[in-house]
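Below is one structure, written out as structure tokens; the observations come after it.
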Amino acid sequence: MPKRTVIVPDSLAPNPAFSPAVRVGDLLFVSGQVSVDNDGNIIGIGDCEAQARHIVSRISTIVQSVGASMSDVVKVTTFLTDINDYPAFSKVRGETFPTDPPASSTVIVAGLVRPELVIEIEAVVNIPD
27 MPKRTVIVPD
37 SLAPNPAFSP
47 AVRVGDLLFV
57 SGQVSVDNDG
67 NIIGIGDCEA
77 QARHIVSRIS
87 TIVQSVGASM
97 SDVVKVTTFL
107 TDINDYPAFS
117 KVRGETFPTD
127 PPASSTVIVA
137 GLVRPELVIE
147 IEAVVNIPD
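Quick note: the sequence shown uses my numbering, first residue 27, plus one each step.
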């Protein structure tokens with residue numbers, strides 16, 4: 027059975043409640059990321075595109091910490107609090123994955139952990155050899 031390794035990049039503040047990512051074999055499971063800085067301040071209040079960009083940056087940091095890149099992302103799940111934010115999120119997703127996009131699910135939810143947050147993204151990554 028593959029060993030389970032918790033991944034916490036040095037540049038991200040640790041959270042005692044959950045791991046930013048867990049590696050099992052050649053797969054990396056990135057926890058749902060929201061648009062907060064290392065002090066817990068929300069980045070981009072009321073702006074889905076700004077929040078999405080910050081989240082992608084966080085995910086990229088996690089992915090790069092294991093020697094992978096965003097092109098190695100094989101699945102993303104996105105949670106939006108408002109369907110009207112879908113075009114803004116879709117724009118950022120298209121820029122992040124311009125060719126061969128990963129499998130993707132988008133779910134509209136009633137809310138996230140803090141009311142100012144409008145988007146959360148989690149990812150699965152196939153780490154290259």
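Beta carbons are placed, not taken as given, at the ideal position from N, Cα and C, and that holds for glycine.
(request) In angstroms with no decimal places, state the Cα-to-Cα distance between Ile153 and Val102. (result) 15 Å
(request) Look up Leu105 in the DSSP assignment and say whether it is helix, strand or coil. (result) Leu is not the amino acid found at residue 105; the sequence shown has Phe there. Residue state, collapsed to three classes: strand.
(request) Please name the residue, chosen from Arg140, Thr31, Val89, Gln77, that lies closest to Val48 on a Cα-to-Cα basis. (result) Thr31
(request) Figure out for me which residue from Leu53, Val151, Pro40, Cys74 has the closest Cα to the Cα of Asp65. (result) Pro40
(request) Within the stretch 76-148, note down every full alpha helix (DSSP H) run reaching 4 residues or more, in order along the chain. (result) 112-122
(request) Give the single residue among Cys74, Ile33, Gly51, Glu148 whose Cα lies nearest to the Cα of Ala129. (result) Glu148
(request) Could you say which of Pro28, Asp111, Asn110, Ile85 lies nearest to Val100 if we only look at CA atoms? (result) Ile85
(request) In the DSSP assignment, find the unbroken beta strand (DSSP E) run with Leu38 in it and report its ends. (result) Taken as a continuous stretch (DSSP letters only), Leu38 belongs to no beta strand (DSSP E), as it is neither H nor E.
(message) Can you give me the C-alpha to C-alpha distance between Asp111 and Asn67, rounded to a whole angstrom?
(response) 21 Å
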